[in-house]
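Its first residue numbered 1, the sequence shown is counted upward by one per residue in the working numbering. The beta-carbon is built from N, C-alpha and C at its ideal position, and this holds for glycine as well.
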Amino acid sequence: MYSSSNFLPTLPEELAARGWDECDVILVTGDSYIDSPFIGAAVIGRVLEKAGYRVGIISQPDIASGKDITRLGEPRLFWGVTGGSVDSMVANYTASRKKRRNDDYTPGGENTRRPDRAVITYTNLIRRFFKNTRPIVLGGIEASLRRVAHYDFWSDSVRRSILFDAKADFILYGMSEQSVLEFAGALKANEPVDDIRGLCFIARDLPPEPWKELPSYEDVSTDKTAFINMFHSFYQNNDPYTASRLVQRHADRYLVQNPPAFYSTQQQLDDVAALPYQRRQHPYYEQQGKVKALETIQFSISTHHGCYGECNFCAIAVHEGRTVRWRSIESIKKEAESFTHHPDFKGIIQDLGGPTANMYGFECRKKLSKGVCHDKRCVFPETCHVLKPDHLAQIKLLKTIRGISGVKKVFVASGIRYDLIQADAAHGNEYLKEIVEHHVSGQLKIAPEHVEDHVLATMGKPGRQSLLRFKKDFDNLTAKTGKKQFLTYYLIAAHPGCTDEDMIRLKRFASQELHVSPEQVQIYTPTPSTYSSLMYYTEMDPFTMKPVFVEKDTTRKERQKMLIVEKPAGHKSVYKKPGIPGKAGKR
Numbered sequence: 001m002y003s004s005s006n007f008l009p010t011l012p013e014e015l016a017a018r019g020w021d022e023c024d025v026i027l028v029t030g031d032s033y034i035d036s037p038f039i040g041a042a043v044i045g046r047v048l049e050k051a052g053y054r055v056g057i058i059s060q061p062d063i064a065s066g067k068d069i070t071r072l073g074e075p076r077l078f079w080g081v082t083g084g085s086v087d088s089m090v091a092n093y094t095a096s097r098k099k100r101r102n103d104d105y106t107p108g109g110e111n112t113r114r115p116d117r118a119v120i121t122y123t124n125l126i127r128r129f130f131k132n133t134r135p136i137v138l139g140g141i142e143a144s145l146r147r148v149a150h151y152d153f154w155s156d157s158v159r160r161s162i163l164f165d166a167k168a169d170f171i172l173y174g175m176s177e178q179s180v181l182e183f184a185g186a187l188k189a190n191e192p193v194d195d196i197r198g199l200c201f202i203a204r205d206l207p208p209e210p211w212k213e214l215p216s217y218e219d220v221s222t223d224k225t226a227f228i229n230m231f232h233s234f235y236q237n238n239d240p241y242t243a244s245r246l247v248q249r250h251a252d253r254y255l256v257q258n259p260p261a262f263y264s265t266q267q268q269l270d271d272v273a274a275l276p277y278q279r280r281q282h283p284y285y286e287q288q289g290k291v292k293a294l295e296t297i298q299f300s301i302s303t304h305h306g307c308y309g310e311c312n313f314c315a316i317a318v319h320e321g322r323t324v325r326w327r328s329i330e331s332i333k334k335e336a337e338s339f340t341h342h343p344d345f346k347g348i349i350q351d352l353g354g355p356t357a358n359m360y361g362f363e364c365r366k367k368l369s370k371g372v373c374h375d376k377r378c379v380f381p382e383t384c385h386v387l388k389p390d391h392l393a394q395i396k397l398l399k400t401i402r403g404i405s406g407v408k409k410v411f412v413a414s415g416i417r418y419d420l421i422q423a424d425a426a427h428g429n430e431y432l433k434e435i436v437e438h439h440v441s442g443q444l445k446i447a448p449e450h451v452e453d454h455v456l457a458t459m460g461k462p463g464r465q466s467l468l469r470f471k472k473d474f475d476n477l478t479a480k481t482g483k484k485q486f487l488t489y490y491l492i493a494a495h496p497g498c499t500d501e502d503m504i505r506l507k508r509f510a511s512q513e514l515h516v517s518p519e520q521v522q523i524y525t526p527t528p529s530t531y532s533s534l535m536y537y538t539e540m541d542p543f544t545m546k547p548v549f550v551e552k553d554t555t556r557k558e559r560q561k562m563l564i565v566e567k568p569a570g571h572k573s574v575y576k577k578p579g580i581p582g583k584a585g586k587r
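In structure tokens form, the structure reads like this:
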């Protein structure tokens, strides 16, 4: 049942076995080929396959030769190129710009197969061996977040749209399951693609109006105020109901960004989830070594897309959108039931969630009909009264999935927003009780990130009082169960606005109020297209235009982290070793 013939073809003999002389589309990715709904290339490939297109996939091609990139020939319609599930620079380097040794998406786990700036490298590789080839379309997180002029931490500079640097033809940004079908259909029919939503392209002249012009690359690369103004306009044009077409001049050409694709309907989400993913690594790549990522994603379920948390350091709002849309309970149930027939399944669902687990099943009605608000956020500085959080659908979902025969345990590992629980007077406590009694793998992951008010403000995170209230509620419920369960706190050091003194106070708070010695602490990494990166680069609060302290010295960044993670003599951790179910999550 799980032979290579059930995967998208990656070898010439697999094309021959299907009777194909060529592919319509060839996808090139920086990840090993894992056929999973959590892997973007696999999703796009399966969506196109379902629509009748002949799709091949080439994972982590050798960039020193043509042996991999040429093995399936040239596609009839287009190449699709992605850096993989993680931006290649984030995958390859730490926040201290040190080379990472490990890569969870590479066979054997050794970080030797994903090139820096993978999208650019793979596009150049294609053009080296296929002159004047079919259109090259960029997609995935790396291209999506670099689609306009952006600050790049690794070169400490403002770079052009990746479309120019890669010399590709198009970008399909965001969650492009529907727009890629429209794009492929237009190419197949020999029709123009310039008006397809979710598409970026390069033009010699300005397109027909209406459009909104962003400050040029030349302006934003030399003027930080212009960069801030550009980012505001870019960020506010990411909602499909309210966005305008954007244009940005780069020298004598223009980047054109069409409005975002409309969000998938529930039926479309259900249909994509029901595609025949093998939930395994392709045998050709598995023989090179197993991928660690599969341990977490193989038997996890994504219940929804999007996040209205809008943490300033997170790019989900720009990539997936600020409007949450969710799958039906019946669809999720069918996916969970399918696990019980998979030979690798041991009865454990590692995660049932999304970008934030407890945003399933409710949204702001005003947002659903008119789009996002431009003058306020859903949950910061407090939960908007129009949102009306309601965890009832999630409670029903959890009970349904854990009641499936053959399912022993269902963990919620992708993180929850405790402020949303507290804002739900009707069902919040009931939801937390469900989580504590049935869905914790020993540790429940939450992400307060910090506790100092001015740092939380630069992060766009709720205050410490909601954290303390949640800890109290969690501890009380856990005590009633008689289980040994703990909260795991994810914290950030060296975020814009954070000083050594702030980390010392955070350490004291963790010890005295949370009664832990934190271990899950990361140094802030400025990633493209986030407000925190904007603060890092400009050293200004983009909402007030006031100066913000930013620690940019690598040694002092590491010192901030050490101020909180250093352990006193004789300390014994309450945390389990990494690798427990749900520990990795999808954060």
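Sub-8 angstroms separation of residue i and residue j beta-carbons
| i | j | result |
| --- | --- | --- |
| Ala143 | Leu48 | no |
| Arg114 | Thr106 | yes |
| Ala293 | Thr527 | no |
| Ser591 | Phe38 | Outside the displayed range of the chain (1 to 587) lies residue 591, so it cannot be described from this structure. |
| Val407 | Gly347 | yes |
| Lys67 | Tyr241 | no |
| Gln288 | Gly108 | yes |
| His427 | His391 | yes |
| Ala186 | Val193 | yes |
| Val436 | Thr481 | yes |
| Pro389 | Asp424 | yes |
| Ser517 | Lys552 | no |
| Lys333 | Ile401 | yes |
Supposed close pair residue i, residue j - CB separation, criterion 8 angstroms
| i | j | result |
| --- | --- | --- |
| Ser85 | Val158 | Their Cβ separation, rounded to whole angstroms, is 26 angstroms, which puts Ser85 and Val158 out of contact at 8 angstroms. |
| Arg322 | Glu310 | 6 angstroms |
| Ile162 | Val119 | 6 angstroms |
| Leu398 | Glu434 | 5 angstroms |
| Ile349 | Val272 | That pair is no contact at about 19 angstroms. |
| Gly460 | Ser414 | Gly460 to Ser414, Cβ: 19 angstroms. No contact. |
| Leu214 | Val148 | 7 angstroms |
| Val589 | Asp35 | Beyond the ends of the chain as shown, which are 1 and 587, falls residue 589; an answer cannot be given. |
| Tyr285 | Ser59 | 6 angstroms |
| Asp62 | Met89 | Contact doesn't hold; Cβ gap of about 20 angstroms is too wide. |
| Arg245 | Pro210 | 7 angstroms |
| Phe153 | Thr525 | 7 angstroms |
| Arg141 | His342 | Position check: residue 141 holds Ile in this sequence, whereas Arg was assumed. About 27 angstroms separates the two Cβ atoms, so there is no contact after all. |
| Asp351 | Ser300 | 4 angstroms |
Identity of the residue in the options nearest residue i by Cα
| i | options | result |
| --- | --- | --- |
| Ile603 | Lys484, Val43 and Lys388 | Past the edges of the chain, shown from 1 to 587, lies residue 603, and the structure says nothing about it. |
| Pro381 | Leu456, Val548, Thr242 and Ile301 | Leu456 |
| Phe227 | Asp35, Lys366, Tyr122 and Tyr151 | Tyr151 |
| Asp239 | Thr94, Cys373, Leu506 and Arg204 | Cys373 |
| Tyr122 | Arg325, Glu74 and Val28 | Val28 |
| Thr534 | Val548, Asp24 and His385 | Per the sequence shown, residue 534 should be read as Leu rather than Thr. The shortest Cα separation from Leu534 among Val548, Asp24 and His385 belongs to Val548. |
| Leu467 | Tyr285, Leu514 and Ala493 | Leu514 |
| Asp252 | Met545, Cys378 and Tyr217 | Tyr217 |
| Ser264 | Pro208, Asn229 and Val324 | Val324 |
| Ala493 | Phe470, Lys484, Val521 and Asp62 | Val521 |
| Thr356 | Glu558, Gln394, Asp375 and Ser331 | Gln394 |
| Gly40 | Met175, Asn6 and Lys50 | Met175 |
| Thr112 | Gly30, Leu172, Ala95 and Arg127 | Gly30 |
| Ala331 | Tyr277, Gln267, His319 and Cys307 | Reading the sequence as shown, one finds Ser at residue 331 and not Ala. Minimum Cα distance to Ser331 is reached at Gln267. |
| His304 | Gln287, Ala261 and Tyr360 | Tyr360 |
| His454 | Asp351, Val550 and Arg402 | Val550 |
| Arg204 | Glu191, Phe153 and Val256 | Val256 |
| Val565 | Arg505, Thr530, Met545 and Ser529 | Arg505 |
| Glu452 | Lys50, Pro496 and His439 | Pro496 |
Chain C within 8 angstroms of residue i, Cβ atoms only
| i | result |
| --- | --- |
| Thr106 | No chain C appears in this structure, which consists of one protein chain only. |
Closer than 7 angstroms: residue i CB and nearest the ligand MG heavy atom
| i | result |
| --- | --- |
| Gln268 | The ligand content of the structure shown is nil, which means the ligand MG is not present either. |
Okay, do the segment 162 to 179 and the segment 120 to 138 touch, 3+ Cβ pairs below 8 angstroms being the bar?
yes
Ignoring anything shorter than 3 residues or poking outside the segment 28 to 62, list the beta strand (DSSP E) runs there in chain order.
55 to 59
Just list the alpha helix (DSSP H) runs in the segment 259 to 346, keeping only unbroken ones of 4 residues or longer that don't cross its boundaries, in chain order.
266 to 273, 283 to 286, 293 to 297, 316 to 319 and 329 to 339
Check whether the segment 183 to 202 touches the segment 338 to 345, taking contact to mean three or more Cβ pairs, one atom from each stretch, closer than 8 angstroms.
no
For the segment 291 to 305 against the segment 73 to 82, are there 3 or more C-beta pairs whose distance is under 8 angstroms?
no
Can you check the segment 521 to 558 for any beta strand (DSSP E) of at least 3 residues that lies completely inside it and give the ranges in chain order?
521 to 523
Counting pairs of Cβ atoms below 8 angstroms between the segment 466 to 485 and the segment 401 to 419, do you hit three or more?
yes
Is there contact between the segment 500 to 515 and the segment 278 to 290, where contact requires at least three CB pairs shorter than 8 angstroms?
no
Continuous alpha helix (DSSP H) assignments of at least 4 residues falling wholly in the segment 182 to 253:
217 to 220 and 224 to 235
As an exercise, report each continuous alpha helix (DSSP H) stretch of at least 4 residues that is fully enclosed by the segment 98 to 162, in chain order.
118 to 129 and 140 to 144
Segments assigned alpha helix (DSSP H), at least 4 residues, entirely inside the segment 389 to 469:
392 to 402, 418 to 423, 428 to 438 and 453 to 459
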